[in-house]
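By the count of our numbering, the sequence shown reaches residue 744 at its end, each step adding exactly one. Here a beta-carbon is modelled for each residue, glycine too, at the ideal position from N, C-alpha and C. In this text the structure is predicted, and so the values were computed from the model without any measurement. Report on the structure given below.
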Amino acid sequence: MNGILRNVLVPAALLSKGHGFQGERRADCLHGDLIVRDGRAQAMRATDAGADPRHVILPALTEVHVHLDKCHTAHRLPAVGGDLRKAIEAQANDRSNWTADDLRGRMGRGLAELAAAGCGQLRSHVDWSDDARAPLAWSILQEVAADAPLTVQASPLLGVDKLAREGLADAIGRQARAGGVLGGFVLDHADREAGVRAMFAAADRHGLALDFHVDEGLEQGLDGLALIARVAVETRFEGPVICGHACSLMNLSGDALRQTLDVVARAGLFVAALPTTNLYLQDRDRGTPDRRGLTRLHELRAAGVCTLIGTDNVRDAFCPVGRHDPRASLALAVMAAHLDPPLGDHLPMITTDAARALGLPKVEVDGATTADLRAFDAGSTDELLAAPHPPHALEDLLERAEP
342 MNGILRNVLV
352 PAALLSKGHG
362 FQGERRADCL
372 HGDLIVRDGR
382 AQAMRATDAG
392 ADPRHVILPA
402 LTEVHVHLDK
412 CHTAHRLPAV
422 GGDLRKAIEA
432 QANDRSNWTA
442 DDLRGRMGRG
452 LAELAAAGCG
462 QLRSHVDWSD
472 DARAPLAWSI
482 LQEVAADAPL
492 TVQASPLLGV
502 DKLAREGLAD
512 AIGRQARAGG
522 VLGGFVLDHA
532 DREAGVRAMF
542 AAADRHGLAL
552 DFHVDEGLEQ
562 GLDGLALIAR
572 VAVETRFEGP
582 VICGHACSLM
592 NLSGDALRQT
602 LDVVARAGLF
612 VAALPTTNLY
622 LQDRDRGTPD
632 RRGLTRLHEL
642 RAAGVCTLIG
652 TDNVRDAFCP
662 VGRHDPRASL
672 ALAVMAAHLD
682 PPLGDHLPMI
692 TTDAARALGL
702 PKVEVDGATT
712 ADLRAFDAGS
722 TDELLAAPHP
732 PHALEDLLER
742 AEP
C-alpha cells in the first residue's frame, strides 16, 4: 500500500535515532506529510505552512498490566471499597460466578475495549490456584485471545509464598510457556526470598519472562523490589522482568533510596506504575488520603530505570471505575505523578518501552508497517491524552488519501 497522509504529527520520542524524517518541529512532535511506500512509513516531508495537524501517529499502544479475569464485576459485588486485602476478599467472593460463559463474556469485552483503544499487544494477569492446576480463566483467556486482533500474553498470579513450595514454580512455569510469562505476588510473605528464587530458576529453565506484583502497600519494611533486583543481578537473568506497583518505594529516601535505585537499575528491571488501583486502594487508614500510593517514577527514571504505565483493574473490587485504555492511564499518571510536558516524552511508557518490557520488538514510527501504527484525531500530544476518540487504522485513512 502506498499513499500520503497530510498534516500529521509524529512524537519525536517515537522516532529512531537518525530517522531522516523531514518536517517542521512543533513542540514535542514533527509536523508534516507522512509518506507510505510498500506498506511502511518510509518518509516525512514538510507540509503546508500554518496548516493545522489532523492526526497524531503512534505505534500501536502496549498495555503492560491488566486483569481480564476480574474486569467488569463491580456491579455485582456487594462490598467494593477498602484496602488491598479487603479488595482481595471481595473479589474472591465473586469467584463462584466465574463460569466459562461469564469469563468468556467479560474477557472478550475487555479485549475488545483494548483493541478499540488502539492496543496491539497486552499482558493480562490471571489468578492461579494454590497448586499446579491451571484455573478455568487461564484456558478461557487463551480461547478468546485466539480470536482477538491483538497479541495477548497471560501471566499466572499467586502468592510468592506458594511458589516457594518444592516444584510448584517449575510446574506452573511449564504451563505458562505458551504465554512466555511467570508471575507472582510479593508483599510481606515469610518465604518471599525462597519464592522469588524459585521463580527465577523456573523462568530460566523454561525461557520465561518474569512479572511481579511487588510491595503493593505503604507499610514500612516492604523489601520485595530490592530483593527481586538482587536476585536478578546475582543470577544474571536475561529475560525481561516487570515489577508492578512498588508503592512502598515512597517510604525510602536518602542513601536507602539511592542504594535501592542503583540495584534496580543494574538489574535492568522495568517498573510499572499503576495509578488507578493504587490511588483507589492505598492510604486508607484515615479520612482523606494524603499519600498518592504511587511509586517514585521521577527518581526511578533519573536513576536510569525504564518506567511504564499500566491500566491494572477496570470496574472490579480493586477499582470500581476506569476503562481499558493506556492513554487514559497515562493521563491519570500525568496528574497523579506530576509528569510535566512535553507530554510526548512520556509516550514510550505505553508504546516503545512497554513493548520492550513484554519482550516484543520495539516499533518506532519510521519504518513501521501500517498495521503497527495508529492515527489518533488530535492536533497535539495534550489533546491526544485528553481526547477519548478511538484511533483510525492507517490503511483506512490511506484508502481516502492521495496516492
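Contact under 8 Å by Cβ, Leu615 with Ser589: no
8 Å Cβ cutoff met for Val351 and Leu371: yes
Straight-line gap, Pro630 to Gly700 (C-alpha atoms, nearest Å): 36 Å
Alpha carbon of Val555 to alpha carbon of Glu365, nearest angstrom: 43 Å
Backbone secondary structure at Ser470 - three-state DSSP: coil
Chain B contact for Thr652 (CB, 8 Å cutoff): Looking for chain B here will not work: only one protein chain is present.
Range of the contiguous alpha helix (DSSP H) that encloses Pro352: Per DSSP, Pro352 belongs to no alpha helix (DSSP H); it is in the beta strand (DSSP E), 344-352.
C-beta atoms of Arg367 and His406 nearer than 8 Å: no
Residues bridged to Glu404 (per DSSP): Leu463
His687 - DSSP class collapsed to helix/strand/coil: helix
CB-CB length for Ala550 against Gly580, believed under 8 Å: 5 Å
Backbone secondary structure at Phe578 - three-state DSSP: coil
Supposed contact pair Leu355 and Glu705 - C-beta distance, whole angstroms, cut 8 Å: 6 Å
C-alpha distance - Ala531 paired with Trp469, whole-angstrom precision: 19 Å
Exposure of Pro682, with buried meaning 16 or more beta-carbon neighbours within 10 Å: exposed
Host alpha helix (DSSP H) of Glu640 (start-end): 638-643
Close Cβ partners of Ala535 (< 7 Å) along its chain, the five nearest in sequence each way excluded: Ala505
Contact between the segment 388-395 and the segment 630-645 (3+ Cβ pairs under 8 Å): no
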